[in-house]
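> This structure is in structure tokens; I'll ask about it shortly.
Protein chains: 2
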Amino acid sequence: MISLYLAEDQSMLNSALTQILNLEDDLQVLGSAEDGATAWTQIQKLQPDVAILDIEMPQMTGLEVASQIQASALKTKVIILTTFAQSTYFQQAVAAKVAGYLLKDSPSDDLIAVIRQVMTGKTVYAPELVVNMVSAEHNPLTDREMAVLAEADSGLPTKQIAATLFLSEGTVRNYLSAIFSKLGVHNRLEAIQVAKKNKWMR
Amino acid sequence: MISLYLAEDQSMLNSALTQILNLEDDLQVLGSAEDGATAWTQIQKLQPDVAILDIEMPQMTGLEVASQIQASALKTKVIILTTFAQSTYFQQAVAAKVAGYLLKDSPSDDLIAVIRQVMTGKTVYAPELVVNMVSAEHNPLTDREMAVLAEADSGLPTKQIAATLFLSEGTVRNYLSAIFSKLGVHNRLEAIQVAKKNKWMR
DNA sequence: AAATAGCTGTGACATTTGTCATGTTGGTCA
DNA sequence: TGACCAACATGACAAATGTCACAGCTATTT
């Protein structure tokens with residue numbers, strides 16, 4: 001019997017998955033949560049064989065919970081279950097040594113299959129991710145440039161950006177100009193869009 | 001026996017719901033799709049008692065499918081199942097005379113309950129929506145202003161906006177200026193953010 | 001030691017953006 | 001009919017933004 005814990009903040013999916021997982025003879029859901037913090041507390045208490053974690057949840061992300069599990073050397077194996085194939089998320093997940101990474105864009109039977117596989121010691125990643133990894137454009141912007149762009153994203157004018165980052169206005173304009181030429185655009189709005197499309201910022 | 005059709009583009013949820021709905025003695029899922037277009041074709045063919053539709057789907061949104069169903073005078077009742085409580089979506093759904101509007105932020109048992117209720121002729125809306133409706137800020141921008149803002153959102157400079165909307169540059173700047181003063185901001189980026197936060201645009 | 005890359009700055013300039021006053025036209029509503 | 005508002009426009013001005021060239025400083029790499 002494989003014991004499970006499920007953390008997923010979308011109630012509809014949470015309850016539906018809990019039910020179908022419990023239908024399997026060899027699977028048992030010990031509990032479920034709709035936010036990361038309660039999930040982490042419960043996981044420590046229940047010590048399930050496998051924790052199925054969504055990434056974007058209130059209070060604590062699934063990735064944070066995964067890191068905690070790893071840091072505490074629990075025997076619990078982690079499967080990340082998320083919507084998007086963002087390579088940054090995936091990289092963090094690999095860093096936290098998760099046993100599986102599955103997209104919500106796969107049928108529920110896949111989840112069941114993955115659960116059984118990780119219990120045999122295998123590591124299972126959604127194939128979409130590996131493809132995405134290699135083809136992912138790498139961010140040409142420097143840390144400082146990203147910082148400036150992030151401020152610009154909140155709609156601040158040059159003066160405010162300069163103030164919050166302790167730079168001169170000229171420098172901020174220079175950074176923005178450099179960003180534009182690197183990204184092949186001519187204004188802040190477009191630059192932000194390109195950066196978001198490439199998942200360099202959210 | 002109540003016959004159902006399910007349109008939901010997230011496979012995980014689609015397959016999980018299909019399974020648990022089929023577990024109920026009085027419910028039967030005739031089929032399911034992951035995009036609006038196939039859903040609409042299938043619904044015409046199968047004529048289910050109830051169609052459960054996600055809104056954001058490839059090819060055709062759930063709201064479009066709902067309108068088609070209404071226009072064709074099918075006996076199929078529609079339940080919209082979606083993530084966010086956006087009042088614009090909700091209003092469109094009401095306009096399309098849907099029988100139910102449920103958030104994914106409710107457990108799957110609620111869905112089952114709602115299915116049975118709409119079959120008795122009731123109309124069921126998630127309570128969160130009614131609350132949201134009254135408290136929702138209404139959009140102070142005119143149609144034309146919205147059109148300009150939409151173009152601005154794609155990062156186009158004034159000249160391009162003017163060209164695509166067949167306006168003079170001055171008019172475009174005027175509209176933007178009017179928008180800013182209505183929204184209490186001073187640049188495009190902020191205006192777009194306010195508009196999106198208030199769900200006036202996506 | 002030299003080359004490279006990132007970080008910071010200045011100054012000057014052209015262009016774009018935002019503001020304001022003002023006007024015409026057409027539709028709606030009391 | 002008169003008041004009002006949306007749509008569209010011009011012109012003029014101030015402010016913000018974007019571009020370019022140039023330069024000094026500090027790490028890191030070769």
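The listed protein sequences correspond, in order, to chains U and W. Residue 94 in full-length UniProt numbering sits at position 94 of the first sequence, and the numbers go up by one each step. Residue 146 in full-length UniProt numbering sits at position 146 of the second sequence, and the numbers go up by one each step. Note that CB positions come from ideal geometry on N, CA and C, so glycine has one too.
So, using beta-carbon positions, are residue 30(W) and residue 3(W) closer together than 8 Å?
Yes, the Cβ-Cβ distance between residue 30(W) and residue 3(W) is below 8 Å.
> Pick out the complete alpha helix (DSSP H) segments inside the UniProt domain "HTH luxR-type" (134-199) of chain U, 4 residues or longer, and give them in chain order.
Complete alpha helix (DSSP H) runs here, min 4: 143-153, 158-165, 169-183, 188-197.
> Taking any Cβ of chain U, which residues in the stretch 97-117 of chain W have a Cβ under 9 Å from it, in chain order?
Hits within the stretch, in order: 102, 103, 104, 105, 106, 107, 108, 109, 110, 111.
> Quick check: what's the CA-CA separation for residue 190(W) versus residue 140(W)?
Taking the straight line from one Cα to the other gives about 16 Å.
> For residue 29(W), write down the residues that DSSP places opposite it in a beta bridge.
4(W).
> Check whether chain U comes within 8 Å of residue 133(W), counting only Cβ atoms and requiring the distance to be less than that.
Confidence at residue 133(W) is low in this model, with a pLDDT of 49, below 50, so the placement of that residue should be treated as unreliable; the coordinate-derived value is given next. For residue 133(W), the answer is no, since every Cβ of chain U falls outside 8 Å of its Cβ.
> What are the boundary residues of the alpha helix (DSSP H) that includes residue 69(U)?
Its alpha helix (DSSP H) spans residues 62-71.
> Give the C-beta separation of residue 39(W) and residue 7(W) to the nearest angstrom, bearing in mind that I take them to be a contact with Cβ-Cβ under 8 Å.
That belief holds up - the Cβ atoms of residue 39(W) and residue 7(W) are roughly 4 Å apart, short of 8 Å.
> Assign residue 134(W) to one of two classes, buried (16 or more other C-beta atoms within 10 Å of its C-beta) or exposed (fewer than that).
Here residue 134(W) scores only 47 on pLDDT, less than 50, and its place in the model is too uncertain to base an answer on.
> Beta carbon of residue 69(U), beta carbon of residue 43(U): below 8 Å?
In this structure, residue 43(U) lies closer than 8 Å to residue 69(U) by Cβ.
> Give me the Cβ distance between residue 61(U) and residue 55(U), rounded to the nearest whole Å; I'm assuming they're in contact under 8 Å.
Residue 61(U) to residue 55(U), Cβ: 5 Å. Contact.
> Starting from residue 104(W), trace the alpha helix (DSSP H) in both directions and tell me its first and last residue.
Here residue 104(W) belongs to no alpha helix (DSSP H), and DSSP marks it neither H nor E.
> Leaving out the 5 sequence neighbours to the left and right, which residues in its chain are closer than 7 Å to residue 108(U) when beta-carbon positions are compared?
So the list reads 17, 20, once near-sequence residues are dropped.
> Are any of the Cβ atoms in chain W nearer than 8 Å to that of residue 187(U)?
Yes, contact with chain W.
> If you measure from the beta carbon of residue 151(W) to each beta carbon in chain U, is any gap under 8 Å?
Chain U contact via Cβ: absent.
> Please return the same chain residues whose Cβ sits closer than 7 Å to the Cβ of residue 78(U), not counting the five positions on each side in sequence.
These residues qualify, in order along the chain: 51, 53, 66, 69, 98, 99.
> Kindly give me the distance between the Cβ atoms of residue 5(U) and residue 48(U), rounded to whole angstroms, as I take these residues to be in contact under 8 Å.
Indeed, because the Cβ distance is near 4 Å, the residues count as touching under 8 Å.
> Does residue 155(W) have its Cβ less than 8 Å from a Cβ in chain U?
So, interface residue.
> Output yes if chain W places a C-beta closer than 8 Å to the C-beta of residue 10(U); else output no.
Cβ-Cβ to chain W under 8 Å: yes for residue 10(U).
> Which residues in chain U have a C-beta closer than 8 Å to the C-beta of residue 190(W)? List them in chain order.
Within 8 Å Cβ-Cβ: 155.
> Does the Cβ of residue 166(U) have 16 or more other Cβ atoms within 10 Å, making it buried, or fewer, making it exposed?
Burial call: exposed.
> Which residue marks the beginning of the alpha helix (DSSP H) containing residue 96(U), and which one marks its end?
First-last for residue 96(U): undefined, no H or E at that position.
> In or out: residue 9(U) buried (at least 16 other Cβ within 10 Å) or exposed?
Under this definition residue 9(U) is a buried residue.
> First and last residue of the alpha helix (DSSP H) that includes residue 46(W)?
Start and end: 36-46.
> Report the option in 104(U), 11(U), 114(U), 200(U) whose CA atom is closest to the CA atom of residue 27(U).
Closest by alpha carbon: 114(U).
> Counting only beta-carbon atoms, is residue 17(U) nearer than 8 Å to chain W?
Chain W, which has a Cβ nearer than 8 Å to the Cβ of residue 17(U), makes this yes.
> Does residue 13(U) get closer than 8 Å to chain W when you measure Cβ to Cβ?
Yes, its Cβ sits closer than 8 Å to a Cβ of chain W.
> Please list, in chain order, the chain U residues whose beta carbon lies closer than 7 Å to that of residue 20(W).
16, 19, 20, listed in chain order.
> Could you tell me whether the Cβ atoms of residue 172(W) and residue 148(W) are closer together than 8 Å?
A contact, by the Cβ cut-off of 8 Å.
> Could you name the residues of the same chain whose beta carbon sits closer than 8 Å to that of residue 92(W), not counting the 5 residues immediately before and after it, in chain order?
So the qualifying residues of the chain are 63.
> Measuring alpha carbon to alpha carbon, tell me which of 124(W), 46(W), 195(W), 75(W) ends up nearest residue 146(W).
Answer by Cα proximity: 195(W).
> Give the DSSP bridge partners of residue 78(U), in chain order.
DSSP output for residue 78(U) lists 51(U) as bridge partner(s).
> Nearest to residue 106(W) by CA position, among 201(U), 202(U), 200(U), 14(U), is which residue?
Here the closest residue by C-alpha is 14(U).
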